[in-house]
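For my numbering, count along the sequence shown from 1 and bump the result up by 217. Glycine included, C-beta positions come from ideal geometry on N, C-alpha and C. Beneath this line is the structure, given in structure tokens, with notes to follow.
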Amino acid sequence: MERKQFKTEVSELLHLIIHSLYSHKEIFLRELVSNASDALDKLKYRTLVDGKTPDGELRIDLSFTEGDKRTLTISDNGIGMSHDELNDNLGTIARSGTKNFLQGLTEDQKKDSNLIGQFGVGFYSAFMVADKVEVTSRAYGSDQAFKWVSDGKDKYTIEEATREGCGTTIVLYLNDEGKEYGNRWQIENLIKQYSDHIAYPIYLAYDQNTYDDKYNVTGTEHKVEKINSAAALWTRSKSSLKEEDYNSFYKDTCHDSENPLFYLHTKAEGATEYTTLFFVPAKAPFDMYHADYKPGVKLYVKRVYITDDDKELLPTYLRFVKGVIDSEDLPLNVSREILQQNRVMNNIRTASVKKLLGEFKKISEQNPELYTKFIEQYNRPLKEGLYQDYANRDELLELVRFKSSSVDGYTSLAAYKERMVADQKSIYYITGSDEAALKSSPLLGTFKEKGIEVLLMTDDIDDLVISSVGKYKDIDLKAVNKSGAMDDFLTDDQKKKAKEEGGAIVEKIKKALGDRVKEVVVSTRLTDVSAVVVTDENDPSVQMQQLLKAMGQSDYQGSAPILEVNAADPFVKRIVDSTDESYVSDACSVLLDQALLSEGVMPKNPAEFARKLHSLLV
Ligand code: ADP
């Protein structure tokens, strides 16, 4: 028997792991099972290269003993390790940087389950739950097996041993921290949680009591049961899978009782190799608008579950997408920090977004009915994408939908463009909170007369998003409820004339209202109301300002609105003609307040408004 000293860094690492991972000790099983799965992958590959087939089914076997001396055994018939490999692999740290990573963590980070839990610490994690570990291994192609034994302190031994066939058997002598894992249910649960989609079958051996008719124990029966699904559905070829397979996988893994609206299964080969399987739920997840929403996509590396809590896997606006990303190229020990700047992950993410947007587009063209269902749930997050994802803005502009003054249901910008009348310069839209109110807005008068369509936007983020987008295929997007919306319809001469003619009216009303308005302008479009409020092209709309205030930004002052008056209206005429200063003052104030009221903005002082209105009526 050889006695050997661990390299100093291993002793240090062991100490660190045992202390910092203490609260997540159950990850040891994931680590050992994924090592076994790797060993099976390697054997599969080696036999393939050698033109042979492995002896028997490639599998992982788990067993345990209960009672005083609790043990847990993990065995695989994979590639195995030679004497030197046992020495090198289990006596030194395979991965450079591991030690630095663990040492670099602050005390708080060490307690962060996600951070540490996602950081694979490999084989050594076994020492969190065991005070002795025995590894008996026989390398593929060799007749001799070796047994490596250590208590995880500073020494290990290696001696000759026997083992039938190649592979590795690891026996953990469970300590007080680990004794709970010498238990059938615990093992099954952990495997289901972390290793269900390992592509190889995992069997658990256990003894079960047998009973007679009267429920008296008559003996025990030895059972071996497969405890993972061993399916990794996404690794199977698309042609071998039916819609029902996808649907039942979705319902099992995403905990939904309804079938998804649709799914998208992609295998990428080449520079980066990965598989993605995405689902779009029929109903938007309940927490879609919560800041602490749960991401729906799980990350696997070579079928080994890594995390389901990484919001960086897809951009936030696609947070409703559920499913799996399984990469062949990421390291198993990938941490959250590493993921964020990882080139492989970035490639996968960029390609996945493109794929998803492409699929949405395809559905919009080929299955409008399904697309409407999709839009009813996810139009708003897609609009967030217009704001967040500059690189895909053009694609997203084709996907978002709007209500409109001229068609029922939803319309796309492309369809609007088709319907534009001759000489129409811009795409017009109006924002507000209520579709019916928008439809009857006095601002739409001229547009109706000219047969020009106006998009009705009622989502709270429309104003922000659409004004940031600015254009659709070189056509300006113009808000009807902003100043300048009518510029398209007037020649320079007409504008000049309107300004000159309106000069006196503007001056008089502006003087009466002072700071309450940013500007007074004479309208070229109003027919049946006396005045409306609009905002400057660069200011948020009146509703948006209301929203900002409601969102708790109470110190948000907003900018004063622009009052657009109808010079032909009798009330406005009366103001212009009047010489009674107090009348002019009250009338102007009422003129502004009633225009604000039609936008849903309460007068600052309702009693004062009512008094002034009354004085005008009597
Ligand atoms: P990692 O798996 O991240 O490389 P580990 O500390 O878990 O780090 O394992 C170190 C090495 O030991 C592995 O890279 C592998 O070569 C070897 N090894 C571990 N478990 C097994 C096993 N069951 N069969 C064959 N080799 C193994």
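Next on the checklist: Rounded to whole angstroms, what is the Cα-Cα separation between V818 and K571?
Outcome noted: Here residue 818 refers to the residue found at position 601 of the sequence shown. Here residue 571 refers to the residue found at position 354 of the sequence shown. Their backbone Cα atoms lie some 42 Å apart in a straight line.
Checklist entry - Considering only residues of the same chain and omitting the five flanking positions on each side of D810, which have a CB-CB separation below 7 Å? => result Sequence index remark: in the sequence shown, residue 810 carries index 593 (1-based). Closer than 7 Å at Cβ, skipping near neighbours: P820, F826.
Checklist entry - How about T207 and M218: do their beta carbons lie closer than 8 Å? => result An answer regarding residue 207 cannot be provided, because it is not within the stretch 218 to 835 covered by the chain.
Item to check | Pair within 8 Å by beta-carbon distance, E397 and F340 | outcome: Within the sequence shown, numbered from 1, the residue matching residue 397 stands at position 180. Within the sequence shown, numbered from 1, the residue matching residue 340 stands at position 123. No. Outside cutoff.
Next on the checklist: For S643 and L673, what's the separation of their Cα atoms in angstroms?
Outcome noted: On the sequence shown, residue 643 is found 426 positions in, with the first residue counted as 1. On the sequence shown, residue 673 is found 456 positions in, with the first residue counted as 1. Using only the alpha carbons, I get a separation of about 15 Å.
Checklist entry - Using the rule of at least 16 other Cβ atoms within 10 Å of the residue's Cβ for burial, across every protein chain shown, is L233 buried or exposed? => result In the sequence shown, counting from the first residue as 1, residue 233 sits at position 16. It counts as buried.
Checklist entry - Where N609 and L603 are concerned, what is the direct C-alpha to C-alpha distance, given to the nearest angstrom? => result Numbered from its first residue, the sequence shown carries residue 609 at position 392. Numbered from its first residue, the sequence shown carries residue 603 at position 386. Roughly 8 Å separates the two Cα atoms.
Next on the checklist: I'd like to confirm something about D293: is its beta-carbon nearer than 7 Å to some heavy atom of the ligand ADP, or not?
Outcome noted: Position 76 of the sequence shown, counting from 1, holds the residue named residue 293. Relative to the ligand ADP, D293 has its C-beta within less than 7 Å of a heavy atom.
Next on the checklist: Can you list, in chain order, the residues of its chain with a C-beta nearer than 6 Å to that of A729? Leave out the 5 residues immediately preceding and following it.
Outcome noted: Sequence index remark: in the sequence shown, residue 729 carries index 512 (1-based). Excluding sequence neighbours, A729 sits near V801, S802, C805.
Next on the checklist: If I follow the unbroken beta strand (DSSP E) through M562, where does it start and stop?
Outcome noted: The count along the sequence shown starts at 1 and reaches residue 562 at position 345. Segment 560-583 is the alpha helix (DSSP H) holding M562; no beta strand (DSSP E) there.
Next on the checklist: At a threshold of 7 Å, does N476 count as lining the ligand ADP (C-beta to nearest heavy atom)?
Outcome noted: By one-based count along the sequence shown, residue 476 stands at place 259. Checking the Cβ of N476 against the ligand ADP gives no.
Item to check | S621 - partner residues in DSSP beta bridges | outcome: On the sequence shown, position 404 is the one that residue 621 refers to. Looking at the DSSP assignment, S621 forms a beta bridge with L672.
Item to check | Three-pair Cβ contact test at 8 Å for the region 480-489 versus the region 414-426 | outcome: With a cut-off of 8 Å, the region 414-426 and the region 480-489 do not count as touching, because too few Cβ pairs lie within range.
Item to check | Cutoff 7 Å; reference K259; Cβ partners in own chain excluding five residues on either side | outcome: Taking the first residue of the sequence shown as 1, we reach residue 259 at position 42. Only G295, I296 meet the Cβ criterion.
Checklist entry - Where are the beta strand (DSSP E) runs, 3 residues long or more, that stay fully inside the region 702-773, in chain order? => result 736-739, 748-751
Item to check | Proximity to K349 [Cα-Cα], best of F363, K370, D360 | outcome: Mapped onto the sequence shown, residue 349 falls at position 132. Per the Cα distances, K370.
Checklist entry - Mind checking whether Q605 and Y689 have CB atoms under 8 Å apart? => result Sequence index remark: in the sequence shown, residue 605 carries index 388 (1-based). Sequence index remark: in the sequence shown, residue 689 carries index 472 (1-based). Result no, Cβ atoms of Q605 and Y689 do not sit closer than 8 Å.
Item to check | Candidates N406, G399, S292, of which the one nearest T353 by Cα | outcome: As a position in the sequence shown, residue 353 is number 136, starting the count at 1. The candidate whose alpha carbon is nearest that of T353 is S292.
Next on the checklist: With a threshold of 7 Å on Cβ separation, who are the neighbours of T282 within its own chain once the five nearest residues in sequence on each side are excluded?
Outcome noted: As a position in the sequence shown, residue 282 is number 65, starting the count at 1. So the qualifying residues of the chain are T288, G399.
Checklist entry - How would you label N426, buried or exposed, when you count the other beta carbons within 10 angstroms and need 16 or more for buried? => result By one-based count along the sequence shown, residue 426 stands at place 209. By the neighbour-count rule (16 or more Cβ atoms within 10 Å), N426 is not buried but exposed.
Item to check | Beta bridge counterpart(s) of V638 as assigned by DSSP | outcome: Numbered from its first residue, the sequence shown carries residue 638 at position 421. Answer by DSSP bridge pairing: none, since V638 is not bridged.
Checklist entry - Taking three-plus beta-carbon pairs below 8 Å as touching, is the region 633-647 in contact with the region 583-592? => result no
Checklist entry - Within 10 angstroms of its Cβ, does V624 collect 16 or more other Cβ (buried), or is it exposed? => result By one-based count along the sequence shown, residue 624 stands at place 407. The residue is exposed, with fewer than 16 neighbouring Cβ atoms inside 10 Å.
Checklist entry - Count the other CB atoms within 10 Å of the CB of W451; is the residue buried (16 or more) or exposed (fewer)? => result To locate residue 451, count along the sequence shown from 1; it is residue 234. It counts as buried.
Item to check | Where V697 sits in the DSSP three-state scheme | outcome: What you label residue 697 is simply residue 480 of the sequence shown in a count that begins at 1. In this structure, V697 counts as coil in the three-state DSSP scheme.
Item to check | Exposed unless 16 or more other CB atoms sit within 10 angstroms - verdict on P585 | outcome: Here residue 585 is taken as the residue at index 368 of the sequence shown, counted from 1. By the 10 Å Cβ count, P585 comes out exposed.
Item to check | Straight-line Cα distance separating L780 from T567 | outcome: Here residue 567 refers to the residue found at position 350 when the sequence shown is read from its first residue. Here residue 780 refers to the residue found at position 563 when the sequence shown is read from its first residue. When rounded, the distance between both Cα atoms is 46 Å.
Item to check | Cβ neighbour criterion (16 or more within 10 Å) applied to N783 | outcome: Along the sequence shown, read from residue 1 onward, the residue named residue 783 stands at position 566. Classification of N783: buried, given that the 10 Å Cβ count is 16 or more.
Item to check | Whole-angstrom C-beta distance between L547 and V561, which should lie under 8 Å | outcome: In the sequence shown, residue 561 corresponds to position 344, counting from 1. In the sequence shown, residue 547 corresponds to position 330, counting from 1. Sure, about 5 Å apart at Cβ, within 8 Å.
Next on the checklist: What would DSSP say about L260, mapped onto helix, strand or coil?
Outcome noted: Within the sequence shown, residue 260 is the residue found at index 43, counting from 1. In this structure, L260 counts as helix in the three-state DSSP scheme.
Next on the checklist: Taking 7 Å as the cut-off, is the C-beta of M298 nearer than that to any heavy atom in the ligand ADP?
Outcome noted: Counted from its first residue, the sequence shown places residue 298 at position 81. At least one heavy atom of the ligand ADP is nearer than 7 Å to the Cβ of M298, so yes.
Checklist entry - Can you tell which of D693, E601, S815 has its C-alpha closest to the C-alpha of D651? => result Numbered from its first residue, the sequence shown carries residue 651 at position 434. It is S815 whose Cα lies nearest to the Cα of D651.
Checklist entry - Does D709 come within less than 8 Å of chain D when only Cβ atoms are used? => result Any reference to chain D falls outside this structure, which holds one protein chain only.
Checklist entry - Tell me which same chain residues have a C-beta within less than 7 Å of the C-beta of A362, skipping the five on either side of it? => result Sequence index remark: in the sequence shown, residue 362 carries index 145 (1-based). Excluding sequence neighbours, A362 sits near T353, S354, R355, A378, T379, R380.
Checklist entry - Do you know how far the Cα of D504 is from the Cα of R536? => result Residue 536 sits at position 319 when you count from the first residue of the sequence shown. Residue 504 sits at position 287 when you count from the first residue of the sequence shown. Taking the straight line from one Cα to the other gives about 10 Å.
Item to check | Whole-Å CB distance - D753 paired with S685, under 8 Å assumed | outcome: Here the question's residue 753 lines up with position 536 in the sequence shown. Here the question's residue 685 lines up with position 468 in the sequence shown. With a Cβ gap of about 16 Å, D753 and S685 do not count as contacting.
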